[in-house]
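Numbering (this note's numbering), first residue to last: 16 to 146.
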C-alpha cells in the first residue's frame with residue numbers, strides 16, 4: 016500500500032487536481048498561447064496529459080483504497096503529474112513568463128484566483144476529458 020499521506024491527499028483535497036487542470040485549460044493555456052505562440056505544441060501536449068490525469072482521477076474517486084488496483088493507479092497518476100509539472104516548469108513556462116512580463120502575469124494570477132469559484136469538482140467536467 017502507498018503511504019497514508021497519499022490516501023489522505025485524496026480525502027482532504029479531492030478537487031485540487033481538477034481545479035488545477037480546469038484553471039490551466041480555461042485561463043492559463045489560452046493566455047500562454049497568445050503571449051508565446053511558439054508554446055502551442057507544449058500546450059497541446061499538456062492538455063493531453065491533463066486528459067490522462069482527469070480520467071485516472073475519475074476512476075480513483077470511486078475506487079476503494081483496498082482494491083488491488085488502487086495503488087497501481089495512484090502510482091501511475093503521481094508519475095504522470097510529476098512528469099507534467101517538470102516539463103511545464105523546465106521546458107516552456109520560462110518562455111511564457113518572459114513573453115508575458117510581470118504585470119500580465121499578476122493580472123493572470125488574479126483572474127485564475129477568482130476563477131476557482133467556477134471550477135467543477137467532477138474530473139470529467141474538465142475540457143480535456145472530452146477529447
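No residue lacks a Cβ here, since even glycine has one placed at the ideal position from N, Cα and C.
Asked                                                                                                                             : Found
Beta-carbon spacing of residue 55, residue 75 below 9 Å                                                                           : no
Alpha carbon of residue 120 to alpha carbon of residue 97, nearest angstrom                                                       : 23 Å
Three-pair Cβ contact test at 8 Å for the region 42 to 62 versus the region 108 to 123                                            : yes
Cutoff 7 Å; reference residue 103; Cβ partners in own chain excluding five residues on either side                                : 61
Inter-residue spacing [alpha-carbon to alpha-carbon] between residue 133 and residue 84                                           : 32 Å
Beta-carbon contacts of residue 107 that lie in its chain and below 7 Å, excluding the five residues immediately before and after : 54 and 57
Limits of the unbroken alpha helix (DSSP H) element including residue 108                                                         : 108 to 130
9 Å Cβ cutoff met for residue 109 and residue 37                                                                                  : no
Segment limits, alpha helix (DSSP H) that includes residue 61                                                                     : 55 to 75
Contact check, residue 140 vs residue 50, beta carbons under 9 Å                                                                  : no
Spatially closest choice to residue 31 from 135, 112 and 146, by CA coordinates                                                   : 135
Coarse secondary structure for residue 141, derived from DSSP in three states                                                     : coil
Beta-carbon proximity list for residue 73, same chain, < 7 Å, skipping 5 on both sides                                            : 138 and 139
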